[in-house]
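Visitor: In this note's numbering, the protein residues as written are 4 to 311. We treat Cβ as the ideally placed atom computed from N, Cα and C, and that holds for glycine. This structure is a prediction, so every number in the text was calculated from the model and none was measured. This is the structure, below, for whatever I ask next.
Structure (structure tokens):
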């Protein structure tokens, strides 16, 4: 396998992969977007960036190579050194293309520029989601127009006819039935309203008695424990990895006296106890403080990106 293959594998699981003496490859999660020009829908993805200031060995890449290829740690170190030298020589003459990662170019001032490979998505949650094109949906609005009648409909006047007597009696009976029905409805509504008023007064009296009552609690109420979640700070500036926990504790005490927010992060997969100078919630602050620590305190400090 090429060195770029190992880096690509790790970028699916880690947000920062450092190549010792060369630079670090980082991933930033981006939301889904729609291109207004082509109508293309792009799923959420991780964008790869490059930082040539991250050169200190954090052990991640070399330990991964040693475990995958079943080789001693020293052999993996030499393999990475050889590949880095080859990369630097290639950059002097042309661009360096790293498969599934991107292209590096050497600028005139000696700095490196990086162009990520966009057809590889390192966001595992978006697995199987591919870009697709959808044409714009156009909805037509229909306006209903009323037709104007040009001519008036003819009006036919019929001769008034005399109504039979039985129709008069039917009309009188209908009016009487309506009056009786209205009177019965009024009596029923008045009785219903009286019942509602009585029920409301009883409910009001009951509420007043409850408000005036005194309640005595004879037993102590149980205590309530609230779990307060800590702020997520996945970026850690590492001061060292110690085989013996007492040495890690001694390092924490030393850094606390110097004003750092040092703490023990835990034990890594190789049984070493990690001690941090401080932890941060965003990558920019972490990298800036890493440079300060490397310049003022410990040039071997390195950055760990991991949720603890």
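For residue 104, which three-state DSSP category applies?
Guide: Residue state, collapsed to three classes: coil.
Visitor: So, under 8 Å CB-CB, residue 255 and residue 265 are touching, yes? Tell me the CB distance rounded to an integer number of Å.
Guide: The pair is a contact, with the Cβ atoms about 5 Å apart (cut-off 8 Å).
Visitor: DSSP beta-bridge partners for residue 116?
Guide: According to DSSP, residue 116 bridges with 108.
Visitor: Please report the straight-line C-alpha distance between residue 247 and residue 258, rounded to a whole angstrom.
Guide: So the two alpha carbons sit approximately 17 Å from each other.
Visitor: Could you tell me the boundaries of the alpha helix (DSSP H) in which residue 258 lies?
Guide: Note, residue 258: alpha helix (DSSP H), 248–260.
Visitor: Under 8 Å by Cβ, that's how I've got residue 28 and residue 87 pegged, so tell me the actual separation to the nearest angstrom.
Guide: Residue 28 to residue 87, Cβ: 13 Å. No contact.
Visitor: Quick one: any contact between the segment 281–300 and the segment 54–61, if contact means 3 or more CB pairs under 8 Å?
Guide: They touch, by the three-pair rule.
Visitor: Buried or exposed for residue 71, going by 16 or more other Cβ atoms inside 10 Å?
Guide: Exposed.
Visitor: Please say whether residue 80 and residue 6 have beta carbons closer to each other than 8 Å?
Guide: Not a contact, by the Cβ cut-off of 8 Å.
Visitor: Taking residue 90 as part of the alpha helix (DSSP H), name the residues at either end of that continuous run.
Guide: First-last of the alpha helix (DSSP H) with residue 90: 76–96.
Visitor: With C-beta atoms as the reference, is residue 126 less than 8 Å away from residue 115?
Guide: Cβ atoms of residue 126 and residue 115: not closer than 8 Å.
Visitor: Which same chain residues, not among the five before or five after residue 306, have their C-beta less than 8 Å away from its C-beta?
Guide: Once the five neighbours on either side are set aside, the close Cβ partners of residue 306 are 19, 21, 27, 57, 61, 238, 239, 240, 241, 289, 290 and 293.
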